[in-house]
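Q: Dropping the structure in here first, questions after.
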Ligand code: ATR
């Protein structure tokens, strides 16, 4: 029987989770559906309830509902308890089990990158929900952890929960970090962080934010100083793999899926004319891991447009 899964958030239209989970399912020949569900800001509880009463088996939860999900579930794993947030729900025998796979995903991706954690001086920028979710998994790796936040009192609140961390305000920051992790929402607003470039000198810099080409605002900000950089697309795939494991009891391969997300298939459309720059033969269609067209774009002028459903091309 086809099992039903989904990701819930707001916004949700650009979530890559369906693409990732359907690719994992294909590896094992599993028949699943995986939808995106948009909930209103105060509508998480009812929307999630509807999903499970209509035979939903598993739900991934993204911003801004991870704390709502924490309250919604009947049982929580230790990672959820440490972060006060749930990103994966599994319905088992009428009970909703809550997990948080974000931390495991981050550690797995840092390991893929070969960034050594035990003994490393690690700076987390941000003290909101995303930061709270990664503190314990990083401490468990034996790092020396500092947290810096625009609002210092929020970082201090985090130290109340994890007394082993050091906290700073932006203006107090020194240099000399092995790994710097951006857990702020600044990039969502296309903003750069008010932190001097020297802080990133020779550090390996990781952004929990991601985009297919990896060039997030944070990565662009630190690129010239950092020793190495990575956005969080690998973490997204790894946390999804952990959720998949919880639901299906098998561990999918993550490398081919990450490579597929980074390098979507492009097919140029002979004769097509770009609606913006009017050049011919420069338009291409990009397809996702399932082969469905997702984007129409122009190689020459950078025009790009999301595709919903049918593709129509202006052929001269
Ligand atoms: P999330 O769940 O994504 O962490 P959040 O709990 O609202 O969302 O936290 C957002 C984080 O990004 C906070 O650390 C916030 O700093 P403040 O506590 O000072 O608000 C940080 N943040 C958001 N916009 C920022 C900006 N433009 N510059 C620096 N930090 C920013």
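Numbering (our numbering), first residue to last: 31 to 346. The beta-carbon is built from N, C-alpha and C at its ideal position, and this holds for glycine as well.
1. In angstroms with no decimal places, state the Cα-to-Cα distance between residue 337 and residue 203.
2. Can you give the beta carbon distance from residue 182 to residue 197, rounded, assuming they're within the 8 angstroms contact cut?
3. When you compare only the Cα positions, how much space is there between residue 176 and residue 169?
4. Determine whether the beta carbon atoms of residue 50 and residue 287 lie at a separation below 7 angstroms.
5. Return yes when the Cβ of residue 310 is within less than 7 angstroms of the Cβ of residue 303, no when it is not.
6. Counting along the chain, where does the beta strand (DSSP E) carrying residue 326 start and finish?
7. Of the residues 247, 234 and 47, which one's Cα is nearest the Cα of residue 219?
8. Please indicate yes or no: does the CB of residue 221 lie closer than 6 angstroms to some heavy atom of the ligand ATR?
9. Do residue 234 and residue 267 come within 7 angstroms of each other at the CB atom, strictly closer than that value?
10. Return yes when the Cβ of residue 64 is within less than 7 angstroms of the Cβ of residue 95, no when it is not.
11. With C-beta atoms as the reference, is residue 148 less than 7 angstroms away from residue 172?
12. Just to confirm, are residue 161 and residue 213 a CB contact at a threshold of 7 angstroms?
13. Since residue 202 sits in a beta bridge, which residues does DSSP pair it with?
14. Do residue 115 and residue 163 have their C-beta atoms closer together than 7 angstroms?
15. What span of residues does the beta strand (DSSP E) with residue 210 cover, start to end?
16. Measure the C-alpha to C-alpha separation of residue 223 and residue 124 and round it to an integer number of angstroms.
17. Start and end of the beta strand (DSSP E) containing residue 103?
18. Closest to residue 151 by C-alpha separation, out of 195, 75 and 237, would be which residue?
19. My guess is that residue 205 and residue 231 are in contact by the Cβ rule of under 8 angstroms, so how many angstroms apart are they, rounded?
20. Can you determine whether any heavy atom of the ligand ATR sits closer than 6 angstroms to the C-beta of residue 181, and answer yes or no?
21. Where residue 121 and residue 107 are concerned, what is the direct C-alpha to C-alpha distance, given to the nearest angstrom?
22. Could you name the residues of the same chain whose beta carbon sits closer than 6 angstroms to that of residue 199, not counting the 5 residues immediately before and after it, in chain order?
23. At what residues does the beta strand (DSSP E) containing residue 249 begin and finish?
24. Under 8 angstroms by Cβ, that's how I've got residue 242 and residue 294 pegged, so tell me the actual separation to the nearest angstrom.
25. Work out the CA separation of residue 135 and residue 77 for me, nearest whole Å.
26. Can you give me the C-alpha to C-alpha distance between residue 265 and residue 129, rounded to a whole angstrom?
27. With distances taken Cα to Cα, identify the nearest neighbour of residue 38 among 155, 54, 82 and 112.
28. Would you report the Cα separation of residue 335 and residue 103, rounded to the nearest angstrom?
29. Report back the beta-carbon spacing between residue 211 and residue 154 to the nearest angstrom; my notes put them in contact at under 8 angstroms.
30. Out of curiosity, what's the CA-to-CA distance linking residue 25 and residue 278?
31. Going by other Cβ atoms of all chains shown within 10 Å of its Cβ, with 16 needed for buried, is residue 272 buried or exposed?
32. Answer yes or no: the CB of residue 214 versus the heavy atoms of the ligand ATR, is any distance below 6 angstroms?
33. Whose C-beta lies closer than 8 angstroms to the C-beta of residue 254 among residues of the same chain, with five residues either side of it excluded?
A: Concretely, from the data shown:
1. Whole-angstrom Cα-Cα distance: 44 angstroms.
2. Rounded to the nearest angstrom, the Cβ distance from residue 182 to residue 197 is 7 angstroms, consistent with a contact under 8 angstroms.
3. C-alpha separation (whole angstroms): 10 angstroms.
4. Taking 7 angstroms as the cut-off, the beta carbon of residue 50 is found closer than this to the beta carbon of residue 287.
5. Annotated as proximal: residue 303 and residue 310, with beta-carbon spacing under 7 angstroms.
6. 323-328 is the extent of the beta strand (DSSP E) around residue 326.
7. Here the closest residue by C-alpha is 247.
8. Checking every heavy atom of the ligand ATR against the Cβ of residue 221, one is found closer than 6 angstroms.
9. Going by C-beta atoms, residue 267 is not nearer than 7 angstroms to residue 234.
10. With respect to the 7 angstroms criterion, residue 95 and residue 64 are not classified as neighbours on the basis of their beta carbons.
11. The Cβ atoms of residue 148 and residue 172 lie closer than 7 angstroms to each other.
12. A contact, by the Cβ cut-off of 7 angstroms.
13. Per DSSP, none; premise fails for residue 202.
14. Yes; because the gap between Cβ atoms is below 7 angstroms, this pair is in contact.
15. Counting along the chain, the beta strand (DSSP E) containing residue 210 begins and ends at 209-212.
16. For residue 223 and residue 124, the distance between alpha carbons rounds to 45 angstroms.
17. Here residue 103 belongs to no beta strand (DSSP E), and DSSP marks it neither H nor E.
18. It is 195.
19. Taking C-beta atoms under 8 angstroms as the contact rule, residue 205 and residue 231 qualify, at a distance of about 6 angstroms.
20. Checking the 6 angstroms criterion, the Cβ of residue 181 is within range of a heavy atom belonging to the ligand ATR.
21. For residue 121 and residue 107, the gap between their C-alpha atoms comes out near 14 angstroms.
22. Same-chain partners within the cutoff: 182.
23. Where residue 249 is concerned, there is no enclosing beta strand (DSSP E), although the alpha helix (DSSP H) it sits in stretches over 247-252.
24. Indeed they touch by this definition, with Cβ atoms about 7 angstroms apart.
25. Roughly 26 angstroms between the two C-alpha positions.
26. Near 16 angstroms, if we compare the C-alpha coordinates of residue 129 and residue 265.
27. The residue with the shortest Cα to Cα distance from residue 38 is 82.
28. Straight-line Cα distance between these residues: approximately 38 angstroms.
29. About 5 angstroms separates the two Cβ atoms, so the contact holds.
30. Outside the displayed range of the chain (31 to 346) lies residue 25, so it cannot be described from this structure.
31. The residue is buried, with at least 16 neighbouring Cβ atoms inside 10 Å.
32. If you check the C-beta of residue 214 against the ligand ATR, you find a heavy atom less than 6 angstroms away.
33. Within the same chain, residue 254 has close Cβ partners 227.
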